[in-house]
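Each protein sequence line maps, in turn, to chains C and Y. All the letters of the first sequence, read from the start, carry residue numbers 0 to 197 under numbering that gives the first Met the number 0. All the letters of the second sequence, read from the start, carry residue numbers 0 to 239 under numbering that gives the first Met the number 0.
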Amino acid sequence: MKELLLIAVASAIVNNVVLSQFLGICPFLGVSKKTETAAGMGGAVVFVITIASFVTSLIYKFILANGALMSRGIDLTYLQTIVFILVIAALVQFVEMFLKKSIPSLYESLGVYLPLITTNCAVLGVALTNVTKEYGILESVVNGFATAIGFLIAIVIMAGLREKIEYNDIPKPFQGTAIVLITAALMSIAFMGFSGMI
Amino acid sequence: MNQNVERLYNGIIKENPTFVLMLGMCPTLAVTSSAINGLGMGLSTTVVLVFSNLLISAFRKVIPNGVRMPAFIVIVASLVTVVQFIMQAYTPALSASLGVYIPLIVVNCIILGRAESYASKNTIVPSIFDGIGMGLGFTLGLTCIGLVREILGAGQMFGIQVLSLSWFTPITIFVMAPGAFLVLACLVAVMNIVRERMEAKGKPLAKPSGCMTGDCAGCGHAAVCCGKTTAEALEEAKTK
Chain C
0 MKELLLIAVA SAIVNNVVLS QFLGICPFLG VSKKTETAAG MGGAVVFVIT IASFVTSLIY
60 KFILANGALM SRGIDLTYLQ TIVFILVIAA LVQFVEMFLK KSIPSLYESL GVYLPLITTN
120 CAVLGVALTN VTKEYGILES VVNGFATAIG FLIAIVIMAG LREKIEYNDI PKPFQGTAIV
180 LITAALMSIA FMGFSGMI
Chain Y
0 MNQNVERLYN GIIKENPTFV LMLGMCPTLA VTSSAINGLG MGLSTTVVLV FSNLLISAFR
60 KVIPNGVRMP AFIVIVASLV TVVQFIMQAY TPALSASLGV YIPLIVVNCI ILGRAESYAS
120 KNTIVPSIFD GIGMGLGFTL GLTCIGLVRE ILGAGQMFGI QVLSLSWFTP ITIFVMAPGA
180 FLVLACLVAV MNIVRERMEA KGKPLAKPSG CMTGDCAGCG HAAVCCGKTT AEALEEAKTK
C-alpha cells in the first residue's frame, strides 16, 4: 500500500508528466485557453490513460513478456512499441463507441475530447514507462491514473493562468505561445519544489 | 536548382522543422539538456525519417487510402524499434540518457507529417532527400538549443568545459526542466520578430504548422492526434 502511494505521489506531482517529462505538450498548449475545456480534456486523459495502462500492462504480462506465451521462452518484448501504439489507437475508438452506446451522460462530457488523445505521447509514454520500471498490473494502473491526474492539475492551473494573462500588457514578440511557455517555465520551477518529497 | 538539392535546402533552412515549422516540440523540450543528447536524438530521428519516407513512398500505390494512417504508424514503429535496438547495442550511454524518448519518436509529428504531406505523394528519391533535409534541419535545431542550454547551464560545449568555473557560475536551471521552457519561449519570441521582419521585406517565412500554434493544421498527425480535430471538435461542442 505504501509503495502504491509513493508511485502515485511521484508520478502525479514530483515527476509531473507535462512540467518535468514534457509529454502531452500539444494538448497542454492547445486546449488550455479556458478552464472548462481544460478540465474536460484533463478528465478524458485520466479516463483513457488509466484504461490504457491497464490494457497494455495486461498484454505485456500475458503475451509479450519473456516466456509469457506458452512458457516456451518465446520473447516478444521487441514488439512492445508497435503493439502498444496500435492497441492504444484501437482502444480509444472502442471506448468512444462504448461510452456513446452505454453511458451517454459520461460521453456528453468527455466524448469530444476522446478522439484527440489517440496518439497523445503521454498515453504511449506511460505504457512504456510501466514496462521499463517493471510495474505489475495494479502498480501500472495506479501509475497511469496518477500521471493523468498530474496532467489534469497542470492543464487546469495553466488554463486559469491564461485566463488572467489575457488582460495583461505583454511585449509584442512574446504574445501568444511564447508567454504561455514562460508561464509553463514558472510552473515547472514551482513543481520542482516538490522534488524533495520522495 | 536540382530537385534533390532543393529538398535538402527546404528541410534545413527554408522549412526548418524546429525554427520555422515548430514541429516535434516534445523531444525538443525533453532531450536538449546537452548538445550531445540533442545531436543523438536528431540523428536517430533522421534515420527513422529517411527510411520511413523511403518505405512509404515505395508502397504509396499499394497502401489503400482508408487504412493509410495505421499502415504508416506500423512502418514508423517498426523502424523506431530497429533504431532503438541499434542504439542500445552501439551507443548504450546515449540510449540510457534518451530513455523513453527514443520509442516516442513514433509519435513525433515530423515523421508522420512528412509521410502524409510528402512521401505518400512523391517518388522514392526526392522522398529520401526530403527525409535527409528535414532530419538534418531537426538535428541542427536540437543541437543549437542543446548548446545554448549547456553553455548557460554548465559552461560546457559537447561535454567540454569552455567557460572556466573560476569566474563563471553555471545557471543550473537551464539544464533542468524549466530551462527548456524558458529557452523555447525566447526562441519563439525571436522567431516572431524574424517573421515580422521577413514579412516587411516581402519574403514571408512558412507558417508554423506544429502543435505550438494550437491547431496543428498541416501536421500529418491531425488524423490521429489533437491538432486540427481539436479545433473542429471544440467548435462543434460549442454550437451544440
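Yeah, the Cβ is synthetic: ideal placement off N, Cα and C, and Gly gets one too.
query: Assuming L113(C) contacts V91(C) under a Cβ cut-off of 8 Å, what Cβ separation, rounded to an integer in Å, is found between them?
result: Contact flag correct, Cβ pair sits at about 6 Å.
- request: Answer with yes or no whether the minimum CB distance from P16(Y) to chain C is below 8 Å.
  value: By this cut-off, P16(Y) is not an interface position.
task: Determine which residues share a DSSP beta bridge with M156(Y) and list them.
output: According to DSSP, M156(Y) bridges with I159(Y).
task: Below 7 Å between beta carbons is the criterion; list the residues of the region 99-119 of chain Y that meet it against any residue of chain C, in chain order.
output: Here the close residues are V99, P102, L103, V105 and V106.
- request: Measure the beta-carbon distance from A184(C) to F180(Y) and round it to whole angstroms, keeping in mind my assumption that it falls under 8 Å.
  value: About 4 Å separates the two Cβ atoms, so the contact holds.
field: Cβ contact (3+ pairs, closer than 8 Å) linking the region 145-158 of chain C and the region 5-21 of chain C
entry: Judged by Cβ distances under 8 Å, the region 145-158 of chain C makes contact with the region 5-21 of chain C, as three or more pairs qualify.
query: Which class does I62(Y) belong to by DSSP, given the choice of helix, strand or coil?
result: Looking at I62(Y) - three-state DSSP - the assignment turns out to be coil, as it is neither helix nor strand.
task: Tell me whether the beta-carbon of I197(C) lies closer than 8 Å to the beta-carbon of L57(C).
output: The answer is no: Cβ separation not under 8 Å.
- prompt: According to DSSP, is I101(Y) helix, strand or coil?
  reply: DSSP, read as helix, strand or coil, puts I101(Y) in coil.
message: Short of 8 Å Cβ to Cβ, which residues in the region 176-192 of chain Y face chain C?
response: Under the 8 Å Cβ criterion, the region 176-192 of chain Y contributes A176, P177, G178, A179, F180, L181, L183, A184, C185, V187, A188, V189, N191 and I192.
query: Which residue comes first and which comes last in the alpha helix (DSSP H) that contains M68(Y)?
result: Where M68(Y) is concerned, the enclosing alpha helix (DSSP H) stretches over R67 to Y89.
- prompt: Under 8 Å Cβ-Cβ, which residues of chain Y neighbour Y166(C)?
  reply: In chain order: nothing, as chain Y lies at least about 19 Å away.
Contact list for M40(Y) against chain C, beta-carbon separation under 8 Å: Simply none; closest approach about 12 Å.
Spatial distance of V125(C) from T80(C) (CA atoms): Rounded to the nearest whole angstrom, the C-alpha separation of V125(C) and T80(C) is 12 Å.
- request: Pull up the distance between the alpha-carbon of V47(C) and that of C143(Y), whole angstroms please.
  value: Computed Cα separation, rounded: 36 Å.
- request: Return the Cβ separation of R148(Y) and F167(Y) in integer angstroms, given the expectation that the two are a contact with Cβ distance under 8 Å.
  value: With 8 Å as the limit, R148(Y) and F167(Y) do not qualify as a contact, their Cβ atoms being about 15 Å apart.
task: Return the residue from the list F190(C), I164(C) and N167(C) that minimises the CA-CA distance to M175(Y).
output: Nearest neighbour of M175(Y) by Cα position, chosen from F190(C), I164(C) and N167(C), turns out to be F190(C).
message: Under 8 Å, Cβ to Cβ, is there at least one residue of chain C near P69(Y)?
response: With 8 Å as the cut-off, P69(Y) counts as an interface residue toward chain C.
- request: Examine chain C for any beta-carbon lying closer than 8 Å to the beta-carbon of S43(Y), and answer yes or no.
  value: With 8 Å as the cut-off, S43(Y) does not count as an interface residue toward chain C.
query: Less than 8 Å separating the beta-carbons of V130(C) and T49(C)?
result: Against a cut-off of 8 Å, the Cβ pair of T49(C) and V130(C) comes out as no contact.
query: Are the C-beta of G124(C) and some C-beta of chain Y separated by less than 8 Å?
result: At a cut-off of 8 Å between beta-carbon atoms, G124(C) makes contact with chain Y.
query: With 8 Å set as the bound, which would you pick, yes or no: does the beta-carbon of S77(Y) sit closer than that to a beta-carbon of chain C?
result: At a cut-off of 8 Å between beta carbons, S77(Y) contacts chain C.
query: With V99(Y) and L127(C) assumed to form a contact (beta carbons below 8 Å), what rounded beta-carbon distance in angstroms separates them?
result: In this structure V99(Y) touches L127(C) by the C-beta definition: roughly 5 Å separates them, less than 8 Å.
- request: Check L18(C) in the structure and name its three-state DSSP category.
  value: It is coil, neither helix nor strand.
- request: Flag this pair as yes or no: are the beta carbons of G103(Y) and L123(C) separated by less than 8 Å?
  value: It is worth fixing the name first, because residue 103(Y) is Leu in this sequence and not Gly. A contact, by the Cβ cut-off of 8 Å.
message: For the region 170-184 of chain C, list every residue whose C-beta sits within 9 Å of some C-beta in chain Y, in sequence order.
response: Listed in sequence order: P170, K171, P172, F173, Q174, G175, T176, A177, I178, V179, L180, I181, T182, A183 and A184.
field: 8 Å Cβ shell around E2(C) - same chain, five flanking residues per side excluded
entry: Shown here for E2(C): same chain residues with a beta carbon closer than 8 Å to its own, the five before and five after excluded, namely E138 in chain order.
message: For T171(Y), which residues in the same chain have their Cβ closer than 8 Å to its Cβ, ignoring the five residues on either side in sequence?
response: Excluding residues within five positions, the ones whose Cβ falls inside 8 Å are G152 and A153.
task: Could you list the residues in the region 5-17 of chain C with a C-beta less than 8 Å from some C-beta on chain Y, going in chain order?
output: Answer in chain order: no residues at all.
Straight-line gap, C225(Y) to L28(C) (C-alpha atoms, nearest Å): No answer about C225(Y) holds up, because its pLDDT of 39 lies below 50 and its placement is not dependable.
- prompt: With 16 as the cutoff for other CB atoms within 10 Å, does R196(Y) come out buried or exposed?
  reply: Classification for R196(Y): exposed.
query: Expressed to the nearest angstrom, what Euclidean distance is found between the alpha-carbon atoms of G192(C) and L97(Y)?
result: Near 24 Å, if we compare the C-alpha coordinates of L97(Y) and G192(C).
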